[in-house]
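Worksheet for the structure shown next.
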Amino acid sequence: MLALLAGCSTPPDRIVLLPDPEGKVGAVIVHSANSEQTIDKAYAGVDVTKNGAIEKTMDSQSAVQARYGELLAARPPRPMTFTLFFLFDSATELAPESPATVRKIKAVLANWPAPQVVVIGHTDLAGSQQFNDRLSLRRAESAAAFLVKEGIPVDKIETAGRGKREPLVPTQDGVPNRMNRRVVITIQ
-16 MLALLAGCST
-6 PPDRIVLLPD
4 PEGKVGAVIV
14 HSANSEQTID
24 KAYAGVDVTK
34 NGAIEKTMDS
44 QSAVQARYGE
54 LLAARPPRPM
64 TFTLFFLFDS
74 ATELAPESPA
84 TVRKIKAVLA
94 NWPAPQVVVI
104 GHTDLAGSQQ
114 FNDRLSLRRA
124 ESAAAFLVKE
134 GIPVDKIETA
144 GRGKREPLVP
154 TQDGVPNRMN
164 RRVVITIQ
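Taking the numbering used here, the leading residue of the sequence shown gets -16, the next gets one more, and so forth.
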């Protein structure tokens, strides 16, 4: 059997650049032992042979789907991030714009296979560091409790509080700002 495999040619390694869900593409630089190519267009690619030669390729969306459809369907969903805003000095009362975000989170979780969730609480810069550390963690825990009620196992949720260390809107210490009173939920 080894003799038969030794006589066969090895298929090249293929790299194809796919657009993100919004249709945007970045760029990939492919290096081999003796060559380099940049691909920066949707469905552009390269084949890299065993000897290091790089040959540019161009596919269509339909050709990539036909060739790699099963593989693409098996990819996990891209992480999604949501922000819930809270009322001043509260770990449980959401700001008026947050219920719409809660509905979006529920809709995403209803169709997400085996989610892993990171919940990070934040505060504005009013209050002491110690008070804000506790409040931001309580906000994260409050959001995590909501997620558990939505059916996410508690062991799939990681919570943390950042206090006033990472403001969304920089202000002077002691200055309240409603945009900084938040929980950021990342579903992956």
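In this text, a Cβ means the ideal position worked out from N, Cα and C, and glycines have one as well.
The structure displayed is predicted, hence computed values, not measured ones.
- When C-beta atoms of the region 74 to 92 are compared with those of the region 33 to 41, fewer than three pairs fall below 8 Å, so the two segments do not count as touching.
- Ile103 and Val8 have their C-alpha atoms roughly 29 Å apart.
- In the three-state DSSP reduction, Gly52 falls in the helix class (H, G or I).
- In the three-state scheme derived from DSSP, where H, G and I count as helix and E and B as strand, Glu124 is classed as helix.
- If you keep only unbroken beta strand (DSSP E) runs of at least 3 residues inside the region 33 to 92, you get 37 to 41 and 63 to 68.
- Distance from the Cα of Ala25 is smallest, within the candidate group Asp(-4), Ser45 and Lys33, for Ser45.
- Around the Cβ of His14, a 10 Å sphere holds fewer than 16 other Cβ atoms; the residue is exposed.
- Under the DSSP assignment, Val152 falls outside any beta strand (DSSP E); it carries neither an H nor an E label.
- In this structure, the alpha-carbon of Thr106 lies about 47 Å from that of Ser43.
- Arg(-3) has its alpha-carbon roughly 42 Å from the corresponding atom of Ala127.
- Rounded to whole angstroms, Ala109 and Arg145 show a C-alpha spacing of 14 Å.
- DSSP places Arg161 in no beta strand (DSSP E); its state is neither H nor E.
- When DSSP states are grouped into helix, strand and coil, Arg(-3) belongs to the strand group.
- Going by beta carbons, Asn115 and Lys139 fall outside the 7 Å limit.
- In this chain, the beta strand (DSSP E) harbouring Ala27 covers Ala27 to Val31.
- The Cβ atoms of Met41 and Ala27 sit closer than 7 Å to each other.
- Around the beta carbon of Ser125, 16 or more other beta carbons lie within 10 angstroms, which makes this residue buried.
- The residues Thr66, Phe68 and His105, in chain order, have a CB closer than 6 Å to that of Arg165 in the same chain once the five nearest residues on each side in sequence are set aside.
- Counting only residues of its own chain and dropping the five nearest sequence neighbours on each side, Asn17 has a CB closer than 7 Å to the CB of Gly35.
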